[in-house]
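Residue numbering for the sequence shown is 34 to 351, as defined by the numbering used here.
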Amino acid sequence: MTKNYPSFIIDAFTTKSFAGNPAAVCLIPQILKDEEYLKIAAEFNLSETAFPIPIGASDFKHSSQFSLRWFTPKTEVPLCGHATLATSHALFNEIGNVNNEIKFDTLSGVLIAKRDESGNVEMNFPEYDLTSIKFNETANPLHGILSEFEAPSFLLNIIKCVVPAEMSIESVVYSSQSKKLIVVVDPETTKFELESVKIDVPKMLELHDGSFVRGFAITLHPSNPVAQGFIDSSNEPYDYVCRYFAPWVGIDEDPATGSAQCVMGPFWSIMLAKHELYAFQAFPSRGAQFRVRLRDDRVVLNGPSVTILRGEIALHHT
34 MTKNYPSFII
44 DAFTTKSFAG
54 NPAAVCLIPQ
64 ILKDEEYLKI
74 AAEFNLSETA
84 FPIPIGASDF
94 KHSSQFSLRW
104 FTPKTEVPLC
114 GHATLATSHA
124 LFNEIGNVNN
134 EIKFDTLSGV
144 LIAKRDESGN
154 VEMNFPEYDL
164 TSIKFNETAN
174 PLHGILSEFE
184 APSFLLNIIK
194 CVVPAEMSIE
204 SVVYSSQSKK
214 LIVVVDPETT
224 KFELESVKID
234 VPKMLELHDG
244 SFVRGFAITL
254 HPSNPVAQGF
264 IDSSNEPYDY
274 VCRYFAPWVG
284 IDEDPATGSA
294 QCVMGPFWSI
304 MLAKHELYAF
314 QAFPSRGAQF
324 RVRLRDDRVV
334 LNGPSVTILR
344 GEIALHHT
């Protein structure tokens, strides 16, 4: 027997179609086997497909609590910000969920999504740990600001697969909880230079199996945002900008990564002494904006979304 379930493709962290980061959201009210989730995610072939399920007797329109899982075409991931934003957008703005606040039970604990007065979604995420990495014989500029440890032998070669030789590296930060590596580069890097970075995926996968690093961000605080091209359409400058790569989980580059802001947001909050930050993820030809707020060891992300596809997924049940 075949049943049809509402499904959407939603561009998250953007106000315009075909920008931000696309995620699929499938509203299937019963639990499937993991291999079925993986097949669906592979069929959509986006960086993530989200599967919320109402908890309790309620439905997608009335429930205020959902379980939520995220799958790439290859594996399940413990946290995905843009697919959570897309899921919240689908529930609030497509299904018309009656609640102002929704709680998601996930592998990363309970995540809370609220709708704001403009129709955007505000999400509350865990703040990840930060440690600086020291490379032998090189002074660590973050010494005394963050705890530090000696770089594993393979790390510098992985960094060279991403950061071009002509781009200077300021510092390197690691989050052990999320296995994310943050490489801070020259604050005078332009938007053109950042978008021109090309990574060597085969070499990254050859050098490392993903046991220490699962995701890799390059980031900077622009010293002159206007001249460097790091302002939005209303000429507001960004506090920090980034790109994010995760070939170890099957995503060569992610266009908008909420979970990465849970590392970069706290880092730039320390460095800039600000609790509210405006961030830009510079995926070439797309781009995504984040409003990041630090509050009580949590990271609050606010962002708009746009639905680009409404349909149904047909599943055969035996």
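We put the beta carbon where it would ideally sit given N, CA and C, even for glycine.
Which whole-angstrom value describes the C-beta separation of Pro255 and Tyr271, a residue pair presumed to lie in contact below a C-beta threshold of 8 Å?
Yes, Pro255 and Tyr271 are in contact; Cβ-Cβ is about 7 Å, under 8 Å.
On the three-state DSSP scale, how would you describe Asp67?
It is helical.
Quick one: any contact between the region 203 to 212 and the region 162 to 173, if contact means 3 or more CB pairs under 8 Å?
Cβ pair count under 8 Å is three or more, so yes.
Does DSSP classify Phe77 as helix, strand or coil?
For Phe77, the three-state secondary structure derived from DSSP is helix.
Return the bridge partner residues of Ala321 from the DSSP annotation.
The partner list for Ala321 (beta bridge, DSSP) reads Gln314.
Can you tell me the Cβ-Cβ gap for Pro39 and Glu309, rounded? I've got them flagged as a contact below 8 Å.
About 35 Å separates the CB atoms of Pro39 and Glu309; that is not less than 8 Å, and the two are not in contact.
If you pair each beta-carbon of the region 67 to 85 with each one of the region 247 to 262, do three or more pairs fall below 8 Å?
With a cut-off of 8 Å, the region 247 to 262 and the region 67 to 85 do not count as touching, because too few Cβ pairs lie within range.
Which residue comes first and which comes last in the alpha helix (DSSP H) that contains Leu227?
For Leu227, the uninterrupted alpha helix (DSSP H) segment begins and ends at 224 to 229.
Integer-rounded CB distance, given that Pro111 should sit under 8 Å from Leu140:
Indeed they touch by this definition, with Cβ atoms about 4 Å apart.
Can you check which of these residues, Cys59, Arg276, Glu69, is closest to Glu226 by C-alpha distance?
Looking only at Cys59, Arg276, Glu69, the smallest Cα-Cα distance to Glu226 is reached by Arg276.
Distance CB(Ser50)-CB(Ile341) smaller than 9 Å:
The criterion of a C-beta distance shorter than 9 Å is satisfied by Ser50 and Ile341.
Select from Lys72, Gln98, Ile166 the residue whose C-alpha is nearest the C-alpha of Ala184.
Checked all of Lys72, Gln98, Ile166; the closest Cα to Ala184 is Ile166.
Sorted by chain position, which residues of the same chain lie with C-beta nearer than 6 Å to Arg326's C-beta, five sequence neighbours on each side aside?
Contacts found: Glu309, Val333.
Assign Pro62 to buried or exposed, taking buried as 16 or more other Cβ atoms, counted over all protein chains shown, within 10 Å of its Cβ.
So Pro62 counts as exposed.
Identify the continuous beta strand (DSSP E) that holds Glu345 and give its terminal residues.
Here the beta strand (DSSP E) through Glu345 covers 338 to 349.
If you check the beta carbons only, do Ser100 and Asp138 fall under 9 Å apart?
With contacts defined as CB atoms closer than 9 Å, Ser100 and Asp138 qualify as a contacting pair.
Applying the criterion that 16 or more other CB atoms from any shown protein chain within 10 Å of the CB defines a buried residue, is Phe263 buried or exposed?
Phe263 is buried by the Cβ-count criterion.
Glu221 burial status per 10 Å Cβ neighbour count (16 or more: buried)
Per the 10 Å Cβ criterion, exposed.
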